[in-house]
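The next block holds one structure in the form of structure tokens; read it before the comments.
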Amino acid sequence: MMEDRGSYIVERLSFRTPRNGAEIRGFLTRPPVNDGPRPAILYAHAHGGRYEIGANELLDGRPALLSPPGPVLAEHGFVTLCIDMPTFGERSIVRESAATKAALWYDPFRPDAFRAAGSAHLAFNA
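With my numbering applied, the sequence shown covers 1477 to 1602.
Shown next as structure tokens:
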């Protein structure tokens, strides 16, 4: 979905991860005129214990910023993308400690198994 905000454009994006099919939300800001290639920035939102903010930081900012970065960067000619990092924004339903444990135990070469210490594997039966 695209929204024209006058001095910049906001595109609301989403994609699914290949690992588990989870949907990830993102926002892209860009200048209103599409006159060719533009420099691009992949913006990683802050942590700061504010799990609810996530990708919204690109559009709404946060207290530690002077202004939201997305509009400012678009007004200076940049295309900027920010997605919800794990445990933030719309992905905040999983807490940080649970996501870390899952990532440590996940084996990308054997999605049906979890890593154990060393090279041993524990089968996971759902």
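The beta-carbon is built from N, C-alpha and C at its ideal position, and this holds for glycine as well.
Go ahead and pull the three-state DSSP assignment for residue i.
i	result
A1516	strand
R1488	strand
R1501	strand
R1495	coil
Hey, could you find the ends of the alpha helix (DSSP H) residue i is sitting in?
i	result
V1535	Before going on, a small fix: residue 1535 reads as Leu here, not Val. Taken as a continuous stretch (DSSP letters only), the alpha helix (DSSP H) holding L1535 covers 1532-1536.
E1528	Premise fails: E1528 is in no alpha helix (DSSP H) and is neither H nor E.
L1549	1545-1551
Look at the Cβ atom of residue i, then the Cβ atom of residue j, and state whether they are nearer than 8 angstroms.
i	j	result
G1546	L1535	yes
D1560	A1540	no
P1527	L1557	With the sequence shown as reference, residue 1527 is identified as Tyr, and Pro is not the correct amino acid for it. No.
N1485	P1513	Note that residue 1485 is Ile in the sequence shown here, rather than Asn. Going by C-beta atoms, I1485 is not nearer than 8 angstroms to P1513.
V1555	R1488	no
P1544	G1537	yes
G1502	I1529	no
S1483	E1551	yes
Starting from residue i, trace the beta strand (DSSP E) in both directions and tell me its first and last residue.
i	result
L1557	1555-1559
D1480	1478-1480
On the CB-based measure, 16 or more other CB atoms within 10 Å of its CB, does residue i come out buried or exposed?
i	result
A1498	exposed
R1492	exposed
A1516	exposed
H1521	buried
E1479	exposed
A1596	In this prediction, A1596 scores a pLDDT of 40, lower than 50, which makes its location untrustworthy; the coordinate-derived value is nonetheless stated afterwards. Exposed is the call here.
L1504	buried
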